[in-house]
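Here this note's numbering is used: position 74 in the sequence shown is 607, and no number is missing along the way. Glycine included, every Cβ here is placed at the ideal spot set by N, Cα and C.
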Amino acid sequence: MAYLFLRRLENLLQSINDEQTQTLPSDELNRARLAWAMDFADWPQLTGALTAHMTNVRRVFNELIGDDESETQEESLSEQWRELWQDCVAGR
């Protein structure tokens, strides 16, 4: 369901100015057009639904693939050692 919602939103976004974009409009007119085209009463309702879909996709992704934050400390330490080694090799 999220995929269909996001694809429809992307297609409508791209049709607003006939350009390849994934950026939400900042002006009121195009926000109203997008909300109406997505069958929402107004911009806040559309962005609320968008946030809910994005949150759900992130949750499913984390369940299947994992959350990057769980490895952050280990990866950070590894990155620090790599940078230290490169500095030593470069004579810095």
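- Between the region 564 to 582 and the region 605 to 624 there are fewer than three inter-stretch CB-CB distances shorter than 8 Å, so the stretches are not counted as touching.
- Fewer than three Cβ pairs drawn from the region 552 to 572 and the region 585 to 596 lie within less than 8 Å of each other, which leaves the two stretches out of contact.
- A residue is called buried once 16 or more other Cβ atoms fall within 10 Å of its Cβ, and residue 617, having fewer, is exposed.
- When the Cα atoms are used, residue 534 and residue 553 turn out to be separated by approximately 23 Å.
- Assigned with DSSP and collapsed to three states, residue 573 falls in coil, not helix or strand.
- Classified as exposed, residue 537 has fewer than 16 neighbouring CB atoms from the shown chains inside 10 Å of its CB.
- In this chain, the alpha helix (DSSP H) harbouring residue 548 covers 535 to 549.
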